[in-house]
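In my numbering, the protein residues as written are 4 to 560.
Right, dumping it as structure tokens:
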């Protein structure tokens, strides 16, 4: 069955490359010249507290409404009673030309917080993008005032979750037109209950999550700006979860957003949206709960995408060292098969510990590539496992078509391939040239910004969706692009990766193909077709308009 399916995939994918020379994928680090001076503060002072190993995340979003992507980097802080500066969030305003200015305090985000991750969306439907920060309790919801400032509205909205927060995602799970919130929580931990663990039986090491009781993820329903915890009623409650990553995925294509959760040392979860405010957990029957040998894995980051052009979203999940990345292919009928063991994705990731991961089209050839941030949690792991290192290079897997990937990290940039203690990762067009740039955080170290300098790049088309009957961000919309090479499918989403959020707008690589039309299935159920979309531009599609708004001009690649 696998060989037949592989040949069929190849036949679908080949036209995207017809007449085009493969691009040399290259990312150049521009962190310093861009003005990014961030260093993550994990608070470590020798006690080896569990949360010190986890952060941090990031978000790429337009906080000031000027049309370009700004950058938020999530920070931890020092532990009570310890010397040194307190950490705080870092918000960098995009001034154009890949130049950024730190505006954290001016934006009202300067309060110390032991932050973990971020999710962004227009949660109140007023046209400005709001900010949700997960933390070592309580989490924070920052309402965007529309004038470059945020105010902490956690208490009045009911979103100050006091758990050990990790990733989060906004979604309209009940199709009422506003955005609800799914929050991942990790384990029960306090400094007073921290456990003593050791790799060598002599010195203290960071404990694995098996040592701690899990915490349930939470689902918050938006009731006109007030959020209610409906986890139990919705079928989400799972105190054993130990959730670190969340991806929105309509895996059964019924128009209702489902939720995939990456759990650390617990079975992964797949919540099927039944409608009527209810979910059914189907991770086991779907085949994503365990590894092929029936073992649970240390799952961290997660993403969902149609990487092989079949019109259904599949899943990538980053796992612990010695476990390889999972590449769950959506077979249809609610069932997934892990293709990683027979793929270069699996073979190349066996010794790495993977956190942030996402699909994106690095070379704009119409195939979604896979980026993964790697780094261990034990700084002395090399003394115990000689082939495993604390700092590790990331993975960049180029999509060759036919379900096949090739790792190209070694030749994708001298600075990109350097070993790092990677954690959060995201993508977005930060310089407005149409291709997608990378941002990665490191634990206890600097953030890294990589400009996409791949060449020769294919054509592209960008789509920014605005809901009217649907939620304003159109999260949950299914978008199909028809070009002269065939069909591509993407979904508007929040969350994914690890503790991070990438750009909301969709970017379709075209190779040498010509765009013909775009079909949108909005979260409200409305289906619209848009035509006349020019190549090399970002277009705004408004629900009910029947035609694109004036395009934002950009250079033709």
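By construction, the Cβ of each residue, glycine as well, lies at the ideal position given by its N, Cα and C atoms. For clarity, every value in this text was computed on a predicted model and none was experimentally measured.
In the DSSP annotation of this structure, the continuous segment of the alpha helix (DSSP H) that includes residue 387 starts and ends at 384-387. In the same chain as residue 151, and ignoring 5 residues on each side of it, the C-beta atoms closer than 8 Å to its own belong to 66, 67, 106, 109 and 110, in chain order.
Here DSSP, grouped into helix, strand and coil, assigns residue 36 to helix. A contact between stretches requires three or more CB pairs, one per stretch, nearer than 8 Å, and the region 283-290 fails this requirement with the region 473-488. Boundaries of the beta strand (DSSP E) around residue 445: 440-445. Beyond the five residues adjoining it in sequence on each side, residue 295 comes within less than 8 Å, by CB distance, of 341 and 344 in the same chain, given in chain order. Between residue 426 and residue 445, the gap from beta carbon to beta carbon is short of 8 Å. If one requires a minimum length of 4 residues, the alpha helix (DSSP H) runs lying completely within the region 32-116 are 34-37, in chain order.
Residue pairing by DSSP puts residue 318 in a beta bridge opposite 307 and 331.
In this structure, residue 169 and residue 188 form a Cβ contact; the two beta carbons are roughly 7 Å apart against a cut-off of 8 Å. DSSP links residue 451 through a beta bridge to 443. Per DSSP, the continuous beta strand (DSSP E) segment holding residue 512 begins and ends at 509-514. The beta carbon of residue 71 sits closer than 8 Å to those of 65, 97, 99, 433 and 435, all from its chain and outside the five residues before and after it, given in chain order. Here DSSP, grouped into helix, strand and coil, assigns residue 281 to strand. In summary, residue 540 is buried, with 16 or more beta-carbon neighbours lying within 10 Å of its beta-carbon over all protein chains present. In this structure, DSSP gives residue 159 a helical state, which the three-state scheme calls helix.
The beta carbon of residue 452 sits closer than 6 Å to those of 33, 34, 37, 39 and 442, all from its chain and outside the five residues before and after it, given in chain order. When the alpha-carbon of residue 307 is set against those of 254, 284 and 297, the nearest one is in 254. Residue 199 and residue 220 have their C-alpha atoms some 26 Å from each other. According to the DSSP secondary-structure assignment, residue 474 is paired through a beta bridge with no residue. By the C-beta density criterion, residue 407 is buried, having at least 16 other C-beta atoms within 10 angstroms. Counting every other CB atom within 10 Å of its CB across the protein chains shown gives residue 537 a total below 16, marking it as exposed.
Of the candidates 381, 250 and 116, the residue whose Cα lies closest to the Cα of residue 504 is 250. Where residue 287 is concerned, the enclosing alpha helix (DSSP H) starts and stops at 286-289. Under DSSP, residue 28 forms no beta bridge with any residue. In this structure the region 271-281 touches the region 233-243; the number of beta carbon pairs closer than 8 Å is three or more. A Cβ-Cβ distance of about 7 Å is found for the pair residue 272 and residue 241, placing them in contact under the 8 Å criterion.
Boundaries for residue 342: no beta strand (DSSP E) harbours it, and the DSSP string shows neither H nor E there. The alpha-carbon of residue 346 is positioned some 30 Å away from that of residue 464. Residues of the same chain with a CB within less than 6 Å of the CB of residue 399, apart from the 5 flanking positions on each side, are 374, 411, 412 and 415 in chain order. Under the DSSP assignment, residue 169 falls in the beta strand (DSSP E) whose first and last residues are 168-174.
The three-state reading of DSSP puts residue 143 in strand, counting E and B together.
In the three-state scheme derived from DSSP, where H, G and I count as helix and E and B as strand, residue 212 is classed as helix. Under DSSP, residue 138 shares a beta bridge with 118.
In the three-state reduction of the DSSP assignment, residue 520 falls in the strand class. Between residue 116 and residue 134, the C-beta spacing is not below 8 Å.
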